[in-house]
Structure formats: structure tokens, C-alpha cells
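Below: the structure, in C-alpha cells.
In UniProt numbering, the protein residues as written are 1 to 324.
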């Protein structure tokens, strides 16, 4: 049995402010045989949360990927207590993996800011999603959607297999329902890159994808929910320009996240409930792309946002400068 989401984001303490992931990281949505970045982020978040007092919750998580993580080694976290006051706490987390020679190599450095839960607020406002999305009960499950597209001949056997191989491993962690008016809902997350979508007449920066998702497993603590949120928010941002631009992993030489800023706007999250993730890409230049995922609860309140810059290099020997 593969690990549940609760197990995937869990850590064990090995010493003062030292932690290790209980499970190996998984591969998800990457052309290279390397671990999903959301695994690394979620373990760093879980380690940081373990070092702050009760009543403090994360609101700002800023990080840089310093090297790819492998799927055959656990993740080791060292936490530095940068700031501890009555209202705020800051933690710097270094995530490393053991190499064959026994040395540790750094995969990620994360700065996590926490605030004590406060009562009352001068303002309480939230934007709406950029478009009207169907409710989760009106959207097909991932398996139903993939099978329907394949049965209609919209998706080939090879594309169905490609989708299952690169993106299918999340299906035992999150129940996902693609909104069919989004790009990803029409081209199977981008795997069916030649599918004509209802957004093809829009510029790349105006295209949008939306998915409803909720944890398949019980998350029994606030820390586990915040780690699960971080795990989810990393998904699909590095290759979103491919999904929205009729391209796929075989069309580029490199595609991977470089840095991220995850902002959490509420003092608590429940990832067992439905959340709506909306994804857009804003800029591509200098072999990098910049994209954002925003997460709403089922009542339409914005609860989190993650922006990322990612590397996007052309395939060696192929012309670059595409205007997708």
C-alpha cells in the first residue's frame, strides 16, 4: 500500500530541532526521475511547525530549491530559530538528503513566518475566482474524466498512459475533480496537448485551469493540514505554461521549480474539505516562467496563494523563443 497523505507529510524528531521524513518522497509531474517539490516543501513546513509554540500558525513560506531531491532517500531537516516573540516566530529550515558517499546535500532552504492567532480584524475581504467554476459534485473524478476522454478518442492510449505515469500518483493522496471549463480539464492536465480547448482564443496569460481537491486521508493535527496545503499548492505550477500552451514535457529540455512564495491568509485550514485551486501563468522570459496557484475554500474565501519561478529551457538543438 502506498503511504497516505498524512504519512507522506509526517516527520520524526531525531534531535534538537532536527527532523526526518517518515516516508520517501514521491515523483509527480516531472519529466526527470526526481522527487516532487511539494514533498520537500511539506516536510520543511512540518519541521518548522514542530518548533513553534501552540497558538502560532504559518502565514508566509518563502523558499528556494537548491537541487533536485531523489525518490530513494528520506528528507532531513535542520531548523534554525531566527525569531521568537510574543506575536511572531521565524524559522529557517534546511532540507537535505544523504548521498552515496554518506554526505548530505541541500535540496531546499525555507523561511517560515508564523503569527499568533489574533482575534478581531480591521478588514475581512476576499476576491472571487477569475471565472465561474462548477461545484465538485458536478465534476467527474480523475479516473472518470480520463476514461471518458479516452473513450471519445480525444485522448490516445499513449497520452492516457503518460498522464497516469506522470500525474496519477496523486490520486491516492487527493480526490481531484477537474473543472471542465478550465484548460487542464479539457486536455487532461496537459497530457493531451493537441486538444483544442475553449480558451484557445485567449492569450497565454489569460488562460486558467481549475480543480477541486480534498485529502483522501484523515489529517489529525493543524500542522499536518498546513503541510498538506504546502504539498498541494506546489502541484502543476512549473509546467503550467506547457499545459496552457499546447506543449508537454517532450517539447522542452528542462522544466522545474526554482523558488516559491506561499502565503496563507487564514489561521487554520482543513484539507479534508473541498478546496478549489485556480492556476494562471503570467510571464515567460530568460528561460524562466512565473505562475500562480490560488486556493479557495468551498465557501469562496481565498485561503492561500503560491507563486513560483521555474526553469523552462528549450530542448537542445531546437529553436527557442517560442511565443506560446
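Note that beta-carbon positions come from the ideal geometry of N, C-alpha and C, so glycine has one too. The structure displayed is predicted, hence computed values, not measured ones.
Contact set for residue i: own chain, Cβ-Cβ below 6 Å, skip 5 residues either direction
i	result
residue 316	253
residue 19	11, 13, 47, 77
residue 307	261, 292
residue 337	The structure shown has nothing for residue 337, since the chain only spans 1 to 324.
residue 309	258, 259, 288, 290
residue 1	none
residue 90	82, 83, 113
residue 5	173, 215, 217, 228
Endpoints, alpha helix (DSSP H) assigned at residue i
i	result
residue 243	240 to 244
residue 34	Run containing residue 34: none; DSSP gives neither H nor E here.
residue 204	No alpha helix (DSSP H) contains residue 204, which DSSP labels as neither H nor E.
residue 216	No alpha helix (DSSP H) holds residue 216; DSSP gives it neither H nor E.
residue 249	Counting along the chain, residue 249 falls outside any alpha helix (DSSP H), and DSSP gives it neither H nor E.
Identity of the residue in the options nearest residue i by Cα
i	options	result
residue 258	36, 178, 305	36
residue 192	158, 306, 282	158
residue 207	56, 128, 223, 282	282
residue 179	170, 66, 129, 57	129
residue 294	233, 116, 15, 269	233
residue 149	126, 117, 196	196
residue 100	72, 119, 116	72
residue 60	41, 66, 67	41
residue 387	211, 202, 115	The first residue shown for the chain is 1 and the last is 324, placing residue 387 beyond what the model contains.
residue 62	153, 211, 110, 140	110
residue 194	125, 153, 211, 108	153
residue 21	97, 67, 88	97
residue 108	285, 64, 249, 28	64
Whether residue i touches residue j by CB criterion (7 Å)
i	j	result
residue 69	residue 25	yes
residue 13	residue 23	no
residue 288	residue 209	no
residue 223	residue 49	yes
residue 255	residue 216	no
residue 52	residue 75	no
residue 117	residue 16	no
residue 271	residue 202	no
residue 226	residue 58	yes
residue 126	residue 276	no
Nearest-angstrom Cβ-Cβ length linking residue i and residue j, presumed shorter than 8 Å
i	j	result
residue 245	residue 204	6 Å
residue 273	residue 297	7 Å
residue 213	residue 174	5 Å
residue 54	residue 93	About 19 Å separates the two Cβ atoms, so there is no contact after all.
N- and C-terminal bounds of the beta strand (DSSP E) containing residue i
i	result
residue 111	104 to 116
residue 58	56 to 65
residue 259	252 to 264
residue 304	302 to 314
residue 191	Looking at the DSSP string, residue 191 is not in any beta strand (DSSP E), and its letter there is neither H nor E.
residue 183	No beta strand (DSSP E) holds residue 183; the alpha helix (DSSP H) holding it covers 183 to 186.
residue 277	275 to 285
Beta-carbon contacts of residue i that lie in its chain and below 8 Å, excluding the five residues immediately before and after
i	result
residue 146	155, 160, 163, 164, 188
residue 104	76, 96, 97, 98
Cβ-based neighbour list, residue i, same chain, cut-off 7 Å, excluding 5 preceding and 5 following
i	result
residue 304	229, 233, 262, 263, 264, 265, 295
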